[in-house]
Structure formats: C-alpha cells, structure tokens
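Novice: Residue numbers (this note's numbering): 11 to 523.
One structure, as structure tokens, below. Some questions next.
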C-alpha cells in the first residue's frame, strides 16, 4: 500500500461551523458513539478520520488561497468577483463568504475529530504504546488546527473536548490559542516516533520532526525566537532529514516521502471516486476522493480555471544571481510555468504538452505556480481534480531557513550563515559566507527574505512570513496592487463568520469588521 489508508468515520460528529461546534449526524446503518470506541481498530479508524479532514474542500483547496493568493506572491484573475475580492483585494463585504468560511468550518471539523479521539481512546483496552502514539497523533493535529485558526482568525472559540449541539463557547484570546497549540505539539513530539517502519500501514503519519517543526513555527509567529531554537535544533540534529539532490523532487508525485520531507500529507488516486473532496460523511469511503482537487484552480487556462496565479515579481528574485557555473537558478523552472520556464524562452517552454508561444504568444507575461500541478504527466488538455501529488507542508529546507532566522534574531548571525548556505548549495549558488560576510542583523534578515522567496514560493508559507516580519500593509502595493486596500489592524485577520456570531453570543468579531 503506497499511502496511509484514510477512513471516514461515519459516527464522528460533524462540526458545521465554529459557533455551533457540532451537529450530530445519525446514519441509521452506522455505529453510534455508544457502541463505537471499543477496540484498537476503532481507535485506528478514529485517528485516520482526523487525517482525512485535510481532504475536505476548505483544507485541500481554499486554504492555499488564503496562504498563497492572499499574500503578495499571488493574485486572482478569476471571473468570480467574490473570489477576487475576498482572496486577493481585501474587499471583505460578505463575512459568510463560502470559500474562506469553509476553511474555518473544516478546521473545526478537524478539532471535533481530534477531541473525540482524545476523549474516547484512553478508555479502550489495547496496547499501551500504540494507544499513546494514537493520542500523540491526535494532539499533533489538534495543535495544527488551532495553529491555523490562530494564524488566520486570531481570537476564536477553542473546544478541547467533544462538543454537543448545545455547546457554545466564548472567544478565546489568541495568545491562549497559541499556547494550547504549543502544548499539543510539545506533548506530541515527546511520544511520536522519528519515523515509521511499517510503510504499508503508517506511511504519512505525523512524526516527532513534524511536531517539532510546527511547534517552532508557532513560537516564531509570536516572535519567540529563543523558544523556537530547541525544536528546530532537534530536527537538524536528529539525522533523519537531508536535502534532496534534485530540488524538483519535492514537488513530483513520483518522488514523494523523500529525505527532505518533514511533514507531508498523503494524496492518492482512488479509482472508484466520484467526488472532488471528502465533504460528506454520508458518502461511502470507497467512493471518496483521496487526491488533491487544487491543481485545476491553479493551472493555466485552458488547462484549468486559473482562479489563482503567481505575481511576476518573484521571477526577478531568482534572476538576481547566477549559479557558480554561470547558469540560471534551477529552482525557477521548478517553481513557475511562464514564458521562460525553459531559459531559451516561449518557443521552448512547454506548458502541458505545447509551447508557451503556441498557447499564449510571445508577449504574454502571465506566471503560474507549478509546485502543486501535474504538467509532467504528459496531459495537454487538463489537470486532475484527483491529483495524487502529496502536499509537502514542511520541508527540511524550510527548517534550515527558519533556524537561520532564529539564530539571527537571537544575536547569533555569524552562526546562521551555514544553514542558509546548505540551501543555496543545492541550487548551485555561492556561499553567503563568501559573498556577503559580516552582515548586520537587518542585512541578514533582508537576505533571508530573499532566500525564502527563491526556496519556498508557492508552497503556502508566504502569509505567515509576512505576518511574522510585520510586513503586511500598503507598502506591498508596489508589487501587489491588492494591498492598496489593506487596512492595518483589520486585514491581518479574517472576519469571524456572521452566522457564528448570530448563533453564539460568546463570540466576538475581529477588529475592523
């Protein structure tokens, strides 16, 4: 078996939105909570159902619009004006806008699934070590869902036990949400294995490295760089991870789960599927889509809808310097489809089986994110709603750059060079220690911002980066016109859905909305 099996647990309470937290869905042919949670097999199914949450439409598709398209590296030319307004232009007139409220809702679905595991698995008689691991996996995922709620919405309701239809929770301050995420990641890291030996059943399960990476990210988003050093150092010193020789191996379905993968979510083809996403627990697991539905939304027209695409300015970041061999940074071609994906230009750049010139002419300046796409599979007509290409949420290169940032922020800039230089060496670039020695803190941070663009563009890290650096604002409008509408103190966070506010009086709207 190539991937971790993903079961949809029909008895799990479905969280429809943050305010209601849960709505019991009873299938007369399905087991209920009173007869479930009895065996180790039940525990396994419950944990696997947590993983399956990422296949829901909010988290397998629209989440990436919030982290990529809403940032300055992406934009939208979608014919759907609501999509453009809410994901690109910071015009939030409808606080119930479906394509981002579904992210909010699905994060609560995930929380509900994790809480059911944490509430019920401790009472199951089973192998103690396996039970502890299942609980650690659930804690990791609860930390992950809370992380995204804190990062995107800030002050939110925070259910830590299984909720009922009458359970309405007040707003929890953002710092307390971060603190709970940190607690969950810390406890998960203490129990999770560094790796798994049973790849037939456990490939894709979260590891100690994944928990430490997310713990460090949570600390860093609060600018607690000193605390982030330890979990990042633990990953680096573990000896489990190394950079792949070929950068593009991190974005192909044929080279998944490689040595650079720290936190990777498994996508797979299901020959029986007839859905875009895991959106209905009433649907038979045999017919669900276990692949990614994102590619058609990022693919160039007419291959896809092009609801989200790349800005042109990051291309210039790759062209700032050549490799030591005098060639172009090889990461550029792996990152974007555009007129010069092939350095020789539009007559040689292949876009889904045809040259750029034959599809769009020689003057078209469009750029599309490539890392989630499947243009290498030979198709000239479309990209899949059922892509098997995994999501690499955290790569070892990201860890190295984060560690360098923390060192720089804790007065150890000289020690930070070596970690950036490992990433640059893979791309064939000269060492910063030679090119730019003795940088100040501010100079090193400016260079690090460049390094994160060239290494990580189009992977979903940019919004967090801009937020952490304090760079969100109208100052970005020169390279992303959408930021002309950005209001400081408001648009750093998304609005709590109005529906939730109307039904849960304990919730409060975010500032400025």
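Using N, Cα and C, we set each Cβ at its ideal position, and we do this for glycine too.
I'd like to check one pair, residue 148 with residue 162: are the Cβ atoms closer than 8 Å?
Specialist: No. Outside cutoff.
Novice: Cα separation between residue 366 and residue 353?
Specialist: Taking the straight line from one Cα to the other gives about 12 Å.
Novice: Return the first residue and the last residue of the beta strand (DSSP E) that residue 274 is part of.
Specialist: Its beta strand (DSSP E) spans residues 271-275.
Novice: Secondary structure at residue 432, three-state DSSP: helix, strand or coil?
Specialist: Correct three-state label for residue 432: helix.
Novice: Around the C-beta of residue 446, are 16 or more other C-beta atoms found within 10 angstroms, so that it is buried, or is it exposed?
Specialist: Exposed, since its Cβ has fewer than 16 Cβ neighbours within 10 Å.
Novice: Output the distance between the C-alpha atoms of residue 327 and residue 50, rounded to the nearest integer angstrom.
Specialist: Distance between the alpha carbons of residue 327 and residue 50: 51 Å.
Novice: Take the Cβ of residue 140 as the centre, count every other Cβ of all protein chains shown within 10 Å, and call the residue buried at 16 or more, exposed below.
Specialist: Flag for residue 140 reads exposed.
Novice: Would you give the residue range spanned by the beta strand (DSSP E) that residue 112 belongs to?
Specialist: Looking at the DSSP string, residue 112 is not in any beta strand (DSSP E); the run it does join, the alpha helix (DSSP H), is 108-130.
Novice: For residue 187, I'd like the list of residues in its chain whose CB is within less than 7 Å of its CB, leaving aside the five on either flank, ordered along the chain.
Specialist: 156, 159, 160, 166 and 168.
Novice: For the region 418-432 against the region 329-342, are there 3 or more C-beta pairs whose distance is under 8 Å?
Specialist: The region 418-432 is not in contact with the region 329-342.
Novice: Whose C-alpha, out of 138, 116, 134 and 210, is nearest the C-alpha of residue 154?
Specialist: If we check each option's Cα against that of residue 154, 116 comes out closest.
Novice: Can you tell which of 397, 112 and 470 has the C-alpha that lies nearest to the C-alpha of residue 509?
Specialist: Checking every option, the nearest Cα to that of residue 509 belongs to 112.
Novice: Using a 10 Å radius around the Cβ and a threshold of 16 neighbouring Cβ atoms, would you call residue 471 buried or exposed?
Specialist: Residue 471 is buried by the Cβ-count criterion.
Novice: Across which residues does DSSP place residue 402 in a beta bridge pair?
Specialist: 274, per the DSSP bridge assignment.
Novice: Leaving aside the five residues before and after residue 191 along the sequence, list all residues of the same chain whose C-beta is less than 6 Å from its C-beta, in chain order.
Specialist: Closer than 6 Å at Cβ, skipping near neighbours: 153, 156, 157 and 228.
Novice: How many Å lie between residue 123 and residue 200 at the Cα?
Specialist: Their backbone Cα atoms lie some 22 Å apart in a straight line.
Novice: Decide if residue 467 is buried, meaning its Cβ has at least 16 other Cβ atoms within 10 Å, or exposed.
Specialist: Burial call: buried.
Novice: Identify, in the order they occur along the chain, each residue of the same chain with its Cβ nearer than 7 Å to the Cβ of residue 322, setting aside the five sequence neighbours on each side.
Specialist: The residues are 375 and 377.
Novice: Taking 7 Å as the cut-off, is the CB of residue 231 close to at least one heavy atom of the ligand MN?
Specialist: What this structure holds is no ligand at all, so the ligand MN is not there to describe.
Novice: In angstroms with no decimal places, state the Cα-to-Cα distance between residue 502 and residue 77.
Specialist: About 12 Å.
Novice: Less than 6 Å between C-beta atoms, sequence neighbours within five positions excluded: which residues of the same chain meet that for residue 515?
Specialist: Hits under 6 Å: none found.
Novice: In terms of DSSP beta bridges, what is residue 361 paired with?
Specialist: Paired residue(s): 364.
Novice: Can you list, in chain order, the stretches of the alpha helix (DSSP H) that have 4 or more residues and sit fully within the region 133-212?
Specialist: As far as the region 133-212 is concerned, its whole alpha helix (DSSP H) runs of at least 4 residues are 138-162, 184-201 and 209-212.
Novice: Leaving out five residues before and five after residue 413 in sequence, what residues of the same chain have Cβ atoms less than 6 Å from its Cβ?
Specialist: The residues are 242 and 429.
Novice: Does the beta-carbon of residue 310 have 16 or more other beta-carbons within 10 angstroms, so that it is buried, or is it exposed?
Specialist: The residue is buried, with at least 16 neighbouring Cβ atoms inside 10 Å.
Novice: For the region 214-222 against the region 384-393, do three or more pairs of beta-carbon atoms, one drawn from each stretch, fall closer than 8 Å, so that the two count as touching?
Specialist: Segments in contact, no.
Novice: If we call anything under 8 Å between Cβ atoms a contact, is residue 198 one with residue 146?
Specialist: Yes, Cβ-Cβ distance for residue 198 and residue 146 is below 8 Å.
Novice: Note down, one range per segment and in chain order, each alpha helix (DSSP H) of at least 4 residues found wholly within the region 364-394.
Specialist: Here the runs fully enclosed are 366-370.
Novice: Leaving aside the five residues before and after residue 426 along the sequence, list all residues of the same chain whose C-beta is less than 6 Å from its C-beta, in chain order.
Specialist: These residues qualify, in order along the chain: 414, 417 and 418.
Novice: If you run the structure through DSSP and keep just helix, strand and coil, what is residue 524?
Specialist: Given a span of 11 to 523 for the chain in the structure shown, any question on residue 524 remains unanswerable.
Novice: Roughly how many whole angstroms lie between the Cα atoms of residue 211 and residue 164?
Specialist: Looking at the two C-alpha atoms, the distance is approximately 36 Å.
Novice: By Cβ distance, which residues of its chain are closer than 8 Å to residue 504, with the 5 residues on each side in sequence left out?
Specialist: 76, 102, 110, 114, 162, 163 and 520.
Novice: Have a look at residue 177 and residue 130 and give me their C-alpha separation to the nearest angstrom.
Specialist: Spanning the two alpha carbons is a distance of roughly 18 Å.
Novice: In the DSSP output, which residue or residues are listed as bridge partners for residue 81?
Specialist: BP columns for residue 81 are empty, so no partner.
Novice: What does DSSP give as the partner residue(s) for residue 529 in the beta ladder?
Specialist: Because the chain spans 11 through 523 in this model, residue 529 falls outside it and cannot be assessed.
Novice: To the nearest angstrom, report how far apart residue 36 and residue 119 are at their CA atoms.
Specialist: Unreliable positioning characterises residue 36 in this predicted model, as indicated by a pLDDT of 45, which lies under 50. A coordinate reading is not provided.
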